[in-house]
Amino acid sequence: MNALELLLNRRSASRLAEPAPQGEVLDNIIRAGMRAPDHGGLQPWRFVIIEGDARSRFSDVLLAAAIDADKDESIQEKSVKGPTRAPMIITVIAHCTEHHKVPHWEQVATASCAVQAMQMAAVAQGFNGIWRTGFWTEHPLVREAFGCREQDKIVGFLYLGTPVTPPTKVKVPEISSFVSYF
């Protein structure tokens with residue numbers, strides 16, 4: 026699959042199994058994230074890999090956040106089960122710095138672009154994933170667990186693994202609804 030086909034057929038996979046990306050494949054995924062547009066060369070991203078037993082520790086953090094936020098039982102259950110839905114999770118953090126030319130929002134956008142690039146690199150190498158967020162990205166217990174500073178933002182959790190089923194086709198809307206000319 027060439028790069029254009031990859032981008033035009035992008036589809037997340039929520040059902041993921043072993044194996045997870047490892048070695049050079051994982052390095053390529055991280056390197057792709059580090060090639061995201063980066064005004065000012067600030068490299069405003071941090072990647073925290075969660076796999077193996079660390080997934081249950083991550084689950085404990087998510088559950089503690091759900092309980093602290095007084096979330097209902099279904100969200101608490103999702104907190105416990107979520108991290109087992111993929112063999113690897115990469116937490117992507119916008120590691121923002123004060124900069125006279127590059128505002129905070131732009132650094133968050135850069136880290137978000139890194140997630141997209143990483144997922145596409147995974148797909149290009151035979152894996153797939155899904156980018157997940159939720160209230161957890163803002164919760165103080167989760168932020169603390171990942172060493173976030175006040176100015177940092179968790180932009181998401183990239184669940185990665187081997188797709189269990191082939192990606193479904195999505196009807197692509199006609200582009201004219203989204204495009205205008207100035």
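Mapping of the sequence shown onto this note's numbering: position 152 corresponds to residue 177, and the numbering continues sequentially without gaps. Backbone N, C-alpha and C fix where the C-beta goes; we use that ideal spot for every residue, glycine too.
Are the beta-carbon atoms belonging to residue i and residue j less than 8 Å from one another?
i	j	result
V180	V117	yes
A142	R60	yes
Run through DSSP, which three-state label would residue i get?
i	result
L41	strand
G48	helix
K178	strand
N153	strand
P165	helix
T187	strand
F207	coil
E131	helix
Within the same chain, show all residues whose beta-carbon is closer than 8 Å to that of residue i, passing over the 5 residues directly before and after it, in chain order.
i	result
L32	M145
P108	I75, R80, S81, F83, S84, L87, I114
Apart from the five residues on each side of it in sequence, which residues of its chain come closer than 7 Å, Cβ to Cβ, to residue i?
i	result
A94	F160, H164
V105	S84, L88
A170	V86
I155	S37, A38, S39, Y184
In the DSSP assignment, find the unbroken alpha helix (DSSP H) run with residue i in it and report its ends.
i	result
E30	28 to 33
By Cβ distance below 6 Å, which residues in the same chain neighbour residue i in space, the five residues on each side in sequence not counted?
i	result
G58	A139, A142, M143
V50	Q150
Threshold first: 4 residues or longer. Then list the alpha helix (DSSP H) segments lying entirely within the stretch 66 to 119, N to C. 79 to 93, 98 to 106
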